[in-house]
Every structure is written in structure tokens, then in C-alpha cells.
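Residue numbers (our numbering), protein chains in the order written: chain A, 1 to 300; chain B, 1001 to 1810; chain C, 2001 to 2211.
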């Protein structure tokens, strides 16, 4: 959330083209192993601490979630879902919600402000507040409903994956705080490999549909989940089954942009061509004469 | 804990019952996840609610609050009747073969010797039959009907799976499956660990809950082995240390006991603390009691303690009754205690029956509160509307608040559940006028001493003779206190077998309790801590986390009592020949000359297996006790008794419902509720977002869990027309709590003895001070009765009614 | 009514002020909107004091446009009702573009092209306004779902491009047809201009003068 974070090399930057290609960095990832997550909210606490964000003390509305949704200060939120299995047994599926750091980030695609959203070569997607104009386009671009607009400063915030920590070789604060190692951080290859071991363990325990959530629709993500029920991600508090950047956003930020400008340019060009070919449409003296007559004698 | 946190990763099966480790001990729960991943361990969770721990389990089953002994008795019955026990272990390392007196018996819910009027037992018959040699008679065939094994088998034969289900509400199929998994760990190379906490202790039969599982673990041979044990998960960071240093009114440090009224002189006191071995060749380590006791007195009274005055024995208080917290507040309530020092404690919210606690505090002349936080107790006289509805004008108690530093503002040690003494350093400067507890206590002591010196008064010696050997008497350092607790040599301490060898020179720190002497030549403030601060320095400050054996023991990290041993009774991890039962997780073994291994042997290191000493060296038997003789007030075997407020009769013996020897004060009996008026079972508990009544003072914790709530199941909510988020009132016969209803699938109604029983869950964390929203506090509801042995209040099972609060007209 | 020799009154002062304010607002909207629409035009935010101010001002310009355009609409809507000659005129659009006015029917106050501009402006402004509301995060963000906002974004972009197109046509027509701009600058047109382009209107005006 600060320009200081440019310590990391940029791969993409919002509303910016023709960037000099940066050296390829090793892709990193955060792995959230839901089968080891006890929902203790240490990650939420660490996130508030490290990023120096605070909320108002809220209320209980009949659920364990607090605050009740992601906010400009709560960049990660534990969501709790009570799901009854077919045999009547209960599962309490607790998911740490927050930015997924898509390889193909819808927020960045939607952002009109140069440099307000960047993707580093290691895959992290970061909001650079200094460049954010507060339009909220990223909110529409995000397939996971993550960014939140602050009413205080009209800028949009979300998990940075602690890019400031990662830039100096540390893992994100949430992973550091997690007591059960349910949140791990490392290279994406390592995390995928570790997830494989976890999935094997879960399959041995009878979770035949255990799997890794790294949705291809957004090019894969740099925050991944190990799910006991990877076939039904939606039971984890509406984790999208096949997320992708909305076709509307693609349309808006894709073909519309060049075609619109080209269309406008074409219109102008047509005008010029027409003028050159046709010349000015001028009133002749005879017209004035006719008019004078008419005005004097309307009946004529 | 018999074992240690990191050792949990060695378990093959983890049973969380009587606790909710994931919720209340999230950092420790890490080792369960490690066991699951690396050791392919399974996790069973038994709890009235589907908890955060249950969410991680391989097998969850519900249980009615207060029926744990029925469940555990059922497990014992399963193991014994299906012969799923670790035979070798049970025969050699427990008292299974010991013959019990013919007079002992059990009938209709009562053991022999019951006196209804006194609500107490004459426990003489609960003992072994001794032979002419003075040793206990045994039957190694385990067939004698009077042997412990057969008595136990008979006792638990009533606890069939159907009976278990009828009492606990646990489905038979789930219960049987749990028994099967548990039974698998009877194999010598398999271990099960038991993780429990207040879910077992906070009952009128809390100690027996734990005994129930201890018996299971002994039958399976799971005590003293890696990945096994009885592991009490302590709530406060240093509650283990507090217990070790003599928290209870009848204890002095190191689990030595305070003299009783009838023990007016030292020889009388010692006569009941000889701990003569009950079997041939046994160590019976408590025979060293005088060494620990005299060293403690020397540490208390210094040069004033001499052989001639029995080291100041007379200056110790002589106890008439135990002054547990329930009795203390009862006496306060009666006006018999009229001054109270409350140090790091918030009884207005912590103790049962808030109304009574409030009245008790209001009848004090003075109250001194030492705490880093502005506690509710210190402000019990303030009016906070419905959240503390008192008239300050009616409270005459004078309240002194002495702000203290918190742990992060001072150096010192904390003893964790695994008995590790971990030194920490001050990380911050105390705010405002906050002073350390040591400084405050020092000023009080010096003032009192001045007064006693000037005015004399009744028995001034204990104060005037107190040893105060600190370099700055006005402000002792924790480093000095730690050294004093460890103990030092006052004269040269010589090897008992080789007197030419000097183990410690006069003035030197001792290496451990083996160097303590009963002749006044050593000091030690707490014998079990001896070794924590030796001549090599502060062992608690060691920070080498190397764990070469990958056993989780990390022997050079901090220091654990006793003697830096990480797994208690570890001799029991080896067979009679001294070979590890489970070579994969070997702790120690006999190498032909001595016991050695990755842990410090809990045994005389040079005692060869052939010598026949049993592994439970603290017991006079040398073995572990399935049958506890007269040591427990409420029976040598755990028996299912109902909570004092129960929704059903005790189906095992309707005439004896609750624990027949649990103490109930007059006035408290009258306010126990009956199921016709209060039909639902309530239980109280902690949430992971909060630590007791502290963290509501911290903004982030208050953000994460801001407001008081009560959990009810969907079925009860439907009956009451309550939707999640509605406000409800929970009433017991002592008070009412109004809070937000969290309607959940995680609490289901249970069928108990044919009746549908709903459970109401009440988190405890809210009061009227701090950052979080004000709340009523769960202890308005809870009953004023404690465990029969140690008086831990029955917070986990009582009766309530629930009503919906009509929506406010806006 | 006193008239300068040979000219006719076409727009009152009020109408002209209204038109130019409206036009100015539309230009501001286009510039600020384009700045947020395409990265290569983001530099246009400099005109408004930076990206943040551009984002703040753009929706308020939109509100201003609705107000100013409502003025124009209620002034002119009745002159823009479609009639049969409009269809004939439109069918001979080739003659229009080739300036062969002699082949066209006599036109009243507005020709079909002008009417089309009027109605397109009306509808596009309405569409832009409504879709713009869904994008106004600062004020209205909580009232719309993300799905609605995404539809809003696409509709807003397409409508904006369209209205710019209409605006270009409008501008070009005024530039190409000499004598037109004075209607909006001075409020008057020459009789010859009226004879050539709006003969029916000229006759009507002449009849009025007679009366």
C-alpha cells in the first residue's frame, strides 16, 4: 500500500503499457490449509496489528464472523459455515477470506489509474494508495469481491500479502501468527507440493474430493486453499467454483477501449473527408433574396 | 501434563474430552495437527458442542455436560470386557493385582463407610490387605475377586454401551467406534494422548473425571510413553507455576502440605509423611520428604531456623479446614472474613453466583486489588446499569487499587502446562505508577515487620524471622528470587555414598533436589524447582531449541521440573527388562549400566531392572493406582454422579444423584434449580478470541469478538421462536443473563434416558470494564458448589431456562 | 417584433445560455470520462487537478448535465416530434450529405437529423445518468450489487462513446452548414439560411410576422 513497496520488481501496473520487461522472479504463494485451520482469528489479529488498521468495536449479529464482512481495515476475515453432510455429520468449515492475488488480476485490469494497482514479478498484487483515485473500478473487476472502499479517505484497500514483509524476505503476518501452520508461505511450487501431501492425508482420511484450489479461470492464484471438498468450493462460505474475470469487465476493459477511441476518431475523420469532398454548405445570395420575398409576402 | 506440548506430535490417537484445545489452546493444538500430518494420528473429540476442536476431528460425538464418568466408565468396561488392555503394563506397572480389604464394597451409588450426616466417608476400608511382611498382598493371575482388577471390572460392568448412551446421550455406534479406536492403542507401540482442561475440572466430581481417563490410559499402557499421558492444558500462562508454588490453602511449595491443626509438632507432622514402601524394593521417593521440607523452612527463616526449634516448624500456620475460594467467599459473605487481598484475580466475574460474590465483597471492610487492569472486582461498587446494578451509596467497603506491571513489563519465569520454566525478559516500561507485585509485597512486608518489631503482638516470629537475603531489600529482583527457589548449600554438601566428594560448596547454588538435606545445610524454596538456577546459571533462560531425536523434547530449551525431565514416569515406557515398548519413540532404556536416553530417566538411574523397582517412584506402591485407596474423598474408583443441577435422575442409582461428599453451604443448596422450572442444561466456556476477562481490555480482541452471546441449537431456537441475532434471556435460579442468541447446528438436542435434552452454551468473557461491549457475565447463573476433592466450582453443568426478549419498540 | 434586416430570431438568450452551459458540461464530462476510460487519456485528469479530483467531479458534472439538459429538453421537445417529412428527409440522406437541398422536402424548425440528435442525446443522457449512478462508489456504492455495477460500467462506456459520436455529428453539422452557429451565438439566423435549410419554418415565421 505504499510506493516504498516498489522494492519488488513490477510485472504489471494498472493503466500502464509498454513496461520494460522485468526479470522473472520465483512465483510465491500463500497456502491456506482449511483442514488445519481452527478459525482462531490470529491471522485477523496479526493483519490488523502489522498493517496498523483498527475497526470500531462492533456487535454480534448471531454469527462468529467479526467484523461481519471484509472492510477497508479488515483485509482478512474468518468465515464460518456449518455444513451437514449426507450422513448427518456436521462440518464446521472455516475459511480465511481475503485477496487471492490472481495471476490474472481483475482489479488491475479494471483500474484506470496508472500505477494504482501493480503486480510484482513474484505474483503479488498490490494496491498503491498514493496512485489510487478511489473510483472503485477494482471492486467491479474482482471475481472474489475483495477490495473495499474506505469512506474515510476514498481509497480502496485489500490484503497486500504483506508485500512490505515479503520484499525483505519475510512471510506475511498472518502466516507468521498462525498457530497450526494452516497458513504457509513459500514459492508456489513448494506450496503446491506441500498441498499435495496434505491432500494425500485427507484422502486417506476419507475425503475423496480433497484438492487444491488454484482456479485456472484467473490464471491460478498466489493464495491457494487446501479443501476437503474441492468439488464444492461454494460450501466454504461461497468460495466461487470457477472464478474468472467477468465477461462484462472483459468487454468493458477489453475491446471497448480501443474500439471506442477508434470509433470516435473515425467519426472525426469522416467529418473531415466529407468537408473536403463536399465543401461548406453555404447560403447563396439567391436564398437571401427568396427569404426576403417570403418574409415580405408570406403567401407567395 | 505428564508429557509435554511438543510430545503430542508423537501420538497415534489424540482424545480431546473435557477441553477444547483448538479453541482455548490454539498454539498447543499445533502439535495435534503435527501428529495428524506426520504421525497419521486420529483425533477424537467428545464435547457437548461441536467445537473448533471438533471441526478438526476424525470422530466427534456429543455428550451431555456432566456425564463424562459414564462415558469413561463405559470405555473402561469395553477395554476390560474385550480384553483390550496392555497386559504386561497393567500387571507390572499398576496396582491391578493388589488385594483390597474384604470390608471394601460399593452398593447403590455409595462406597463403604458413608456418613450421610457429615456427607463424608470413613475411608478406612478403601485400602489394601497387607501381608505379615507389611507389604500388600497381590495376585499376579488377576483372578482373585478381591484384587483391584476384578473389583474394577465388576464396578464398571454396569457401564454398558447402552447405559453410556442412556446417561450421556452419545449415540451407541459413535461410542463403540471411539472405544475401538482407543483400544487400538493398547498395542505396546501405539500411544494415545488425553488432552483435557476445565471441561473436566469444573465439575462437582472434576478430579474423578480425570481419574477416569487416567485408568483408561493405565489399562492401555499409555502413561510414561512418548505421545501418551494425561495432559492437563493449563489456562493461564503461569497457572502451573502457581500450583507448583503452593496455590492451594493446604499446600506449601512443591506439593508439600501445610501442617494440620492436629499436627502441632514436627514429629507428629512427619509421622504421617514417612511413605514406607508398600511393596518390596520400591523407591517411594517421598521418603525424602524431610529434606524438601527442612530446606523449605531454611529458605523461609534462614539462620533463625535451627535443629533445636525444628527449623521454625511452629511458625507455620496450622490448618483447621481448607480455605478454598468458595469457602473464602462464603466466610466473607457471612462477615467472618472482612479484609481481602486480591492479586491478579477478578473474582466478581470468576466465581459462581455473581450475586453472592457481590454481596460478599460489599460486606468487606477493605479490599486491596493488585492488578495491571481496571478489573470489575476493583469496581464492584460502581453502578453500570443492568451490567452492574449496585447502589454505591450502600457499599461501605474501602477499595485500594495498586496497579501492577504485567508480565511483559518484568523479568521472570512462567511455567507452562508441560512444566517448562521459561524465563522471559521485560519488553516494555511499566505505565504510570504501576509497580511489580514483588515490590508491592515487599513494601507491605517491611511495613508489617516494622509494626511487629515495634509493637510485638500475637506470634510476631513468622514475620520477624523471615529471611530476606536480597541485595536491595526494598526491591528484590526476580533473578534473586529464582535463585532462592532453586536453593543453595549453607554448608558443604557431600555425596551420601562417598562423603569425600563435595557436591556443592557452602554458598553455592545446588544442582537439583538430590542435593537437598534434612539437617539444615541446604535451602530450597520449592524442591521440585531445584535445578532451575544452578551454579551454571539460569537454566530457565536456555534457548537452544535443538531436538536431535526429533522427539519434541528439546532438552536444552528452558528447564522443566523435575530435573529437566520432559516425560514423567518414563521408566514405564520400557518393559521389565528395560527395553522400550516402542523403539520408534524410545525415551530411555537400560543400557546394562544405567538408564539413559533422550529424556532424563524418571527413575534411580543406576537401579537395574532386575532390582524390581516399579516405574511410579513417587508412589509407595511403585506402581500406578487404578484403585486410589482412601486418597480421594469420593471413592477409590470414579463413579458417575449427576451434576448438582441435573435434568434427569441418576439412572445408575436414583437415590444417590450428585456427588454424595461434595460440600454444599447452607443457602447455596436452596438455590439449586430443578428441571421442571429450568429444563435446559447449560455449560460455560471460553472463546479463542479472548483470554478470560483480560483481553476485553485489548482493542483488537474486542474487535474480533465484541459482544456477549449465548449459543443455542436450532431445535431449541425453533421451539422458542428465536432467530440468530435475536436477544434472549437465560435464567438460572440465581440470576439472568441477557445476550445475543447465536443459533447453531453445532449444538444438537440429545436423548438422555428417553428425554430430549437441549444444551445452552454460555461464553464467559464479558463484564463492564474494557474495550468490548458491556455484558452480564456468565457467573450470574452458575451454582456455588465445587469438586469434592479440590473445590473447583461446577461451571460446566447446571440448569437454565431460556426466554426470548421481545423486540424493542422503535 | 422588430428585426434586424433579413434575419430571424431562432434562440432566446435563455435558450442560448442553457445550451452553452449544457455544452460546456458535456465537454467536461467527456474529457473527465475519457480520462478515466482509457489509460492513454489519463493525462486529461490534469485538467481537473488530478485523478482523484477527476473521479470526484465527473459524477457531479453528470448531475449538472441532467439539470441543464432538462432545461433544453423542456424548451425544445415539442419541436422535435417526428413527422412524415422527417422520414422522407432521412430517406434522402445521400442528398443531405451531398448538399442537394433541392431534392429534400421543405423542413420545419428542425430537420430529421437535428431531431435524431435531440432524441439520441435525451436517451443517452438518461442511460448515462442511470448507469453512472451504479458507478458512483463514493456516494452510492452500497446500493448496487457488483453485478449491477459491472453492467453499469459496460453500458456507461458504450453510451458515452455513442454520445460523443452524436456530439461530433452535431458539431460537424453546425460547422459544415454555414450560418448555423449564429443561431446559438447571436440567437439569429439569416433569412437565406432559413430559406435554404428550414423553409417551412421560414414560412411559418413569416406568417407570424404578418399577423
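Cβ atoms here follow ideal geometry from the backbone N, Cα and C, with glycine treated the same way.
Please work out which residues of its chain come closer than 6 Å, Cβ to Cβ, to residue 1606(B), disregarding the five sequence neighbours upstream and downstream, and give them in chain order.
1594
Would DSSP call residue 2165(C) helix, strand or coil?
helix
So, are the CB atoms of residue 9(A) and residue 1037(B) less than 8 Å apart?
no
Does residue 207(A) come out as helix, strand or coil in the three-state DSSP assignment?
coil
Could you check whether the Cβ of residue 40(A) sits closer than 8 Å to any Cβ belonging to chain B?
Interface criterion met: the Cβ of residue 40(A) is under 8 Å from a Cβ in chain B.
Leaving out five residues before and five after residue 2051(C) in sequence, what residues of the same chain have Cβ atoms less than 6 Å from its Cβ?
2045
Please report the Cβ distance between residue 93(A) and residue 34(A), rounded to the nearest whole angstrom; I am assuming they are in contact, meaning their Cβ atoms lie under 8 Å.
7 Å
What ranges does the beta strand (DSSP E) occupy inside the stretch 1047-1121 of chain B, keeping only unbroken runs of at least 3 residues that lie completely in it?
1059-1061
Anything in the stretch 1012-1027 of chain B with a Cβ closer than 7 Å to a Cβ of chain A? List those residues in chain order, please.
1022, 1026, 1027
Quick one: using the 10 Å Cβ neighbour count with 16 as the cut-off for buried, is residue 1295(B) buried or exposed?
buried
Looking at chain A, which residues of the stretch 1723-1752 of chain B have a Cβ within less than 7 Å of any of its Cβ atoms?
1724, 1725, 1740, 1741, 1742, 1743, 1744, 1745, 1746
Could you give the DSSP three-state label for residue 1424(B): helix, strand or coil?
strand
Identify the contact partners of residue 118(A) in chain C, using a Cβ-Cβ distance below 8 Å as the criterion.
Ordered by position in chain C, no residue passes the 8 Å Cβ test against residue 118(A), which lies about 14 Å from the chain.
Which value, in whole angstroms, describes the spacing of the CA atoms of residue 1247(B) and residue 95(A)?
Cα-Cα distance, rounded: 41 Å.
What residue ranges within the stretch 126-186 of chain A form continuous beta strand (DSSP E) runs of no fewer than 3 residues, ordered along the chain?
If you keep only unbroken beta strand (DSSP E) runs of at least 3 residues inside the stretch 126-186 of chain A, you get nothing at all.
Can you check whether the C-beta of residue 2105(C) is within less than 8 Å of a C-beta belonging to chain A?
no
At a Cβ threshold of 8 Å, is residue 2038(C) touching chain A?
yes
In the DSSP output, which residue or residues are listed as bridge partners for residue 290(A)?
BP columns for residue 290(A) are empty, so no partner.
In terms of residues, what are the limits of the alpha helix (DSSP H) holding residue 1027(B)?
1026-1038
Along the chain, where does the beta strand (DSSP E) containing residue 2193(C) start, and where does it finish?
Where residue 2193(C) is concerned, there is no enclosing beta strand (DSSP E), although the alpha helix (DSSP H) it sits in stretches over 2191-2197.
When DSSP labels each residue in this structure, what does residue 201(A) get in the three-state scheme?
Residue 201(A): helix per DSSP, three-state reduction.
Can you tell me which of the three DSSP states residue 97(A) falls into?
strand
Counting only Cβ pairs nearer than 8 Å, list the residues of chain A close to residue 2064(C).
Against chain A, the beta carbon of residue 2064(C) has no neighbour under 8 Å; the closest one sits roughly 19 Å away.
From 1040(B), 1161(B), 1049(B), 1045(B), pick the residue whose C-alpha is nearest to that of residue 1077(B); which is it?
1161(B)
On the DSSP bridge list, what partners appear for residue 1165(B)?
According to DSSP, residue 1165(B) bridges with nothing at all.
What in chain C is Cβ-close to residue 11(A), meaning under 7 Å?
By Cβ distance, chain C contributes nothing, its closest Cβ being about 17 Å from residue 11(A), past 7 Å.
Here's the rule: buried if 16 or more other CB atoms are within 10 angstroms of the residue's CB, otherwise exposed. What is residue 1638(B)?
buried
Runs of 4 residues minimum, wholly inside the stretch 1285-1352 of chain B: which ones carry the alpha helix (DSSP H) assignment?
As far as the stretch 1285-1352 of chain B is concerned, its whole alpha helix (DSSP H) runs of at least 4 residues are 1289-1301, 1325-1333, 1347-1350.
Can you give me, in chain order, the residues of the stretch 260-274 of chain A that have a beta carbon less than 8 Å from any beta carbon in chain C?
260, 261, 263, 264, 267, 268, 271, 274
If the cut-off is 9 Å on Cβ atoms, which residues from the stretch 1272-1293 of chain B count as contacting chain A, listed in chain order?
Correct list: empty, as no residue qualifies.
Taking 7 Å as the cut-off, is the beta-carbon of residue 1803(B) closer than that to any non-hydrogen atom of the ligand GTP?
In the structure shown, the ligand GTP is absent, as is every other ligand, since no ligand is present at all.
With a cut-off of 8 Å, does the C-beta of residue 1056(B) fall near any C-beta of chain A?
yes
Looking at C-alpha atoms only, which residue of 1065(B), 1226(B), 1236(B), 1777(B) is the closest neighbour of residue 1583(B)?
With distances taken between Cα atoms, residue 1583(B) lies closest to 1226(B).
Can you tell me whether residue 2007(C) is buried or exposed? The criterion is at least 16 other CB atoms within 10 Å of its CB, across all chains shown.
Looking at its Cβ environment, which holds 16 or more other Cβ atoms inside 10 Å, residue 2007(C) is buried.
Identify every residue that forms a DSSP beta bridge with residue 1400(B).
1368(B)
How many angstroms separate the CA atom of residue 1673(B) from the CA atom of residue 1575(B)?
Cα-Cα distance, rounded: 52 Å.
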